[in-house]
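*Asks:*
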Amino acid sequence: MSTYEPSTDATQISEDQFDKANMLVSTIREQINQVLVGQTKIIDQVLVALLASGHVLIEGVPGLGKTLLVKALAKCFSGEFSRIQFTPDLMPSDVTGHAMYDMKTEQFKIRKGPAFTNILLADEINRAPAKTQAALLEVMQEKQITIEGKPFDAHSPFMVLATQNPIEQEGTYPLPEAELDRFMVKVLIDYPQVDEEVLLVKQVTTGQVQDNLNVDAIDPVVKANQVIELQALTASLEVDDRVFEYAVNIARATREWRTFAHGAGPRASIALIRAARAQALLMGNHFVTPDDVKEMAIPVLRHRVSLTAEMEIEGMQIDQALFQLLAEVEAPRL
Amino acid sequence: MDITQVSAKIRPRNHYEAIDLGTVMARHWLVALCGLWVCASLPIFLLLQLLFPESPYISALVIWWLKPIFESLQLHYASEKLFATNVTFKNILLQAPKRLWRDMLIKLTIRRPSLSRSFDLSVGELENLKGVQRNKRLNVLQRSASSAAIWLTIVGITIEQILIVAFCSLAWMLIPPQLDIYIDFWDLITNAKVHQILSWCWYLAMALVAPFYLASGFSLYINRRTILEGWDIELSFKDMVSRAKKEQHHVRLNLSPVIFFTIALLAFASTLPTNLYANATEYTSSNDENLGELVPDLTPEAAQKRMIFIMESDVFNDIRVTENWKFIDQDSEKDEDEDEESEMPEWLAELINFLAQGVEVLLWGVVIICVIFIALRLRGIEVPFLEAKKYATAPPPSSLFGLELSQDSLPDDIIGTARKWWRKSPRQAYSLLYRAALSDLVHAESLALQGSHTEGECVRLFKQLSQHNSKSQFFQVLTDQWVMLAYGHQRVSHKQFEALCVEWIQFFPTNTPDIGAKKG
């Protein structure tokens, strides 16, 4: 049995600081819950990505509130929000920005694109060709945008929320592996329960002329700098070595699992720990437990692995395979 | 029934050729045969679907049971059509109520399990035979055709099953792959909607197979009668008669002097002595009449007399004695003698017969016991001597998550040891408590834990198992404090620890038989 050794690298967080952070996160959650009915788990996963400074890929059939979720999140914090509707003719410069010749001053002026924002909604990202999708790679990983060879810092905090539709695959460009790996979590939105759907319909149809769910009810409860503080606090939550090992073991198991054609890379282990930290904060814990890791394993890994052809033919789903994998990886006991 | 009007070529065929002919007949009248079947069965099927919406398979099962009733309509249509009667679909439908009720009870009970149904049906329906007469007739007819008729039924059942699977697979394949739905197999087979689809698939399969099955059986029956009653020969004779009549008529009408002269010449020539004629001297000399001559317009009585006369004539009673040499093997003579000697003594034959009867009674007894056992099990009653031994539950694991969980590895006095360790290392003390608690859950509470279960999952599983009792609450408190200490590296107060120790006795008594024999 190992002896008790407190970790030395973790920054000490005061109780007050933690309580404040916890309250702030709860408020954001409540605000979004007001408009997005019946998607508590999805909201939590998006908040995990926000706290862990990651990006989210949201997948779901049309009409489940993907865009609404992003709008609600943007409204919650008084930062900048922009939306790009990805289309087959969208150019990389339409995302990042470009240099424009000004006739008056006879100089090139940099015109910044919609990527210069805090929250970027890339709607139907798989409708644009690979080169346009790749325009997001740099800003997602390096948090900087290069226009005409000149690097510009992206806004902080910066988060990309991309949506894609699992049906209507005709005329789409599946995201390349490198791009997928940049997303911390992939969130699957499913249909709400009956009672939740009834509540939703009531909300939309009572005293409202249009079909849209509006986000007016949401108050801006957090500022951009507060989000940065929350992210810093999340990053400093206590993680035991055995929990690190557990996360790495899960990611490594995907590489040896025969169901998968290719497994997750080290970036998956990193994302898993970061997501588990954010999950611990959401749960109101000062430290990360194996439960947090296990909870976030499927959203973090599902877009980083691919099934073998035989398994796909057999009709196996990635979530199913990951579930089986998690049932085999031994959980740590100190 | 006029076999001269038959619309198929009548000749002796082998059984499988006859089934082929039946298939051709079914294809020829497919719409009408299918239509009759559907008209008779669909109203019943729909009614049952409405009456038993929760169990749609009942409707398909009932239709399957009523098959012989619907098939009688098809059989009448096929038989009438084969003998070129002017029967219409409407006529058969109008006669349907009368035909459907005929022999219904016996058809649906004793005769229903018959594997040669399509073949037997013709005897009852077309020959109107019943009881002993029907059995005798069937014995004669089935003598060589029964195996083909049974195989026809087996193949029919198989094709029906294949069609059901094919229809269901088609429905499954039509689900767009983009929907990406995952359906659990057990959910699928217990779903009432799926039962409804299955019942419709079954009904369609029955409707499609029925015409072919029925027509093939009917064709087998016709073929068997052709062989037994020499229909082909009868048809040939009838052809000859009609041809001869036509020729006579033709001769009478168009007899020209030239033809008359030619016939007269031929008649004269035929009276001239030849070698052939010389050989048949005995025959002609003993008969006043020419036996081979075709006598027109004979009454049945006259024909019979003439037949007897012909049969008694020397042509059919030509007894010749021939003598030749034959080699007689001495060994074969010996064998014959041995055969005579090895004939079974009467007492042995009786003994074997007695034993055979005993075995028969025994086998029937086993069958009856099996039926009673199945009936009792279906009603949920356990039969003490016939129950299979219950599977022994797997022994609880001795170690999980790298922790020793066997009861031997724990000290006798867990709380005492934990208190002793608390002063030196709180983490070790909590580790002991958590390990002892897990050991108790695994052994005493039979909680099925796996190596992949996290602390939180252990708590959730135990809560589900114990239905949120106070022990599960205690286990949650213990787990929370253990997790805080182990993963959060936070201190637990002495007060919390003491409270836990005090409560421990209540939920994990040390002198229980489960954790009784522990070593330090």
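Residue numbers (this note's numbering), protein chains in the order written: chain L, 124 to 457; chain H, 268 to 787.
Glycine included, every Cβ here is placed at the ideal spot set by N, Cα and C.
Predicted model, so just to flag it, every value in this text is computed and none were measured.
#1: So, using beta-carbon positions, are A175/L and R400/L closer together than 8 angstroms?
#2: Taking the alpha-carbon of L449/L as reference, which of A374/L, H409/L and R390/L has the nearest alpha-carbon?
#3: Which of the three DSSP states is assigned to N490/H in this structure?
#4: Give the secondary structure of F350/H by DSSP, where H, G and I count as helix, E and B as strand, and everything else as coil.
#5: Pick helix, strand or coil for Q162/L, following the three-state DSSP scheme.
#6: So what does DSSP say about P274/L, is it helix, strand or coil?
#7: Tell me the DSSP bridge mates of I233/L?
#8: Would you report the Cα separation of C725/H and Y470/H, rounded to the nearest angstrom?
#9: Is any heavy atom of the ligand GDP found at a distance shorter than 7 angstroms from the C-beta of E379/L?
#10: Give me the residue from A711/H, A569/H, W689/H and A623/H with the minimum Cα distance to R758/H.
#11: Going by the DSSP bridge assignment, what does K309/L pair with across the sheet?
#12: Using a Cβ-Cβ cut-off of less than 9 angstroms, list which residues of the stretch 424 to 447 of chain H approach chain L; keep chain order.
#13: DSSP state of A384/L, grouped into three classes?
#14: Can we say the stretch 363 to 370 of chain L touches the stretch 320 to 329 of chain L, given the rule of at least three CB pairs closer than 8 angstroms?
#15: Can you find a CB in chain H that lies within less than 8 angstroms of the CB of T382/L?
#16: Beta-carbon separation of S466/H and S326/H under 8 angstroms?
#17: Hey, L213/L and T255/L: beta-carbon distance below 8 angstroms or not?
#18: Identify the contact partners of E451/L in chain H, using a Cβ-Cβ distance below 7 angstroms as the criterion.
#19: Please name the residue, chosen from M440/H, I431/H and G484/H, that lies closest to L419/H on a Cα-to-Cα basis.
#20: In three-state DSSP terms, what is S101/L?
#21: For I351/L, I'd like the list of residues in its chain whose CB is within less than 7 angstroms of its CB, leaving aside the five on either flank, ordered along the chain.
#22: Where does D781/H land, buried or exposed, given buried means 16+ other C-beta within 10 angstroms?
#23: Below 8 angstroms between beta carbons: does that hold for L714/H and L699/H?
#24: Taking the straight line between their C-alpha atoms, what separation do you get for D139/L and H409/L?
#25: Which chain H residues are close to D363/L, counting only those with a beta carbon under 9 angstroms from its beta carbon?
#26: Taking 7 angstroms as the limit between beta carbons, can you name the residues of its chain near F312/H, skipping five residues before and five after?
#27: Quick one: what's got a C-beta closer than 7 angstroms to T551/H's C-beta in the same chain, skipping five residues either side?
#28: Using Cβ-Cβ distances below 8 angstroms, what residues of the stretch 704 to 728 of chain H are close to chain L?
#29: So, helix, strand or coil for D680/H, using DSSP?
#30: Would you decide whether V769/H is buried or exposed? Buried here means 16 or more other CB atoms lie within 10 Å of its CB.
#31: So P422/L and V308/L are in contact, right, with Cβ under 8 angstroms, and what is the actual spacing, rounded?
#32: Would you say I290/L reaches chain H, if we count a Cβ-Cβ gap shorter than 8 angstroms as a contact?
#33: If we ignore side chains and look at the alpha-carbon of each, how far apart do L311/L and T150/L end up?
#34: I'd like to know if T412/L contacts chain H, where contact means its C-beta is closer than 8 angstroms to some C-beta of that chain.
#35: Rounded to whole angstroms, what's the CA-CA distance from M611/H to S274/H? Just pull it up for me.
#36: Report yes or no: do three or more beta-carbon pairs, one from the stretch 162 to 182 of chain L and one from the stretch 337 to 346 of chain L, lie closer than 8 angstroms?
*Replies:* In terms of the structure at hand:
#1: yes
#2: Comparing Cα-Cα distances from L449/L to each of A374/L, H409/L and R390/L, the minimum goes to A374/L.
#3: helix
#4: coil
#5: coil
#6: In the three-state reduction of the DSSP assignment, P274/L falls in the strand class, which pools E and B.
#7: Paired residue(s): A222/L.
#8: 50 angstroms
#9: With respect to small molecules bound, the structure shown includes none, and the ligand GDP cannot be examined in it.
#10: Considering only A711/H, A569/H, W689/H and A623/H, the residue with the shortest C-alpha distance to R758/H is W689/H.
#11: L180/L
#12: P443, Q445, L446 and D447
#13: strand
#14: no
#15: no
#16: yes
#17: yes
#18: S719
#19: G484/H
#20: Nothing about residue 101/L can be read from this structure; chain L reaches only from 124 to 457.
#21: S279 and P280
#22: For D781/H, the predicted structure reports a pLDDT of 42, less than 50, and the residue's modelled location is therefore unreliable. A value from the coordinates is still provided. Result: exposed.
#23: no
#24: 12 angstroms
#25: Going along chain H in sequence order, the residues near D363/L (Cβ under 9 angstroms) are A753, Y754, G755 and H756.
#26: S326, I330 and Y470
#27: Caution is warranted here: a pLDDT of 41 is assigned to T551/H, below 50, making its placement in the model unreliable, and the coordinate value is therefore given only provisionally. Here T551/H has no same chain residue with a Cβ atom under 7 angstroms from its own Cβ, once five neighbours each way along the sequence are excluded.
#28: Q717, G718, S719, H720, T721, E722, G723 and E724
#29: Per DSSP, reduced to three states, the secondary structure at D680/H is coil, with no helix or strand assignment.
#30: exposed
#31: 4 angstroms
#32: yes
#33: 23 angstroms
#34: Interface with chain H (8 angstroms Cβ-Cβ cutoff): T412/L is included.
#35: Those two C-alpha atoms are separated by around 55 angstroms.
#36: no
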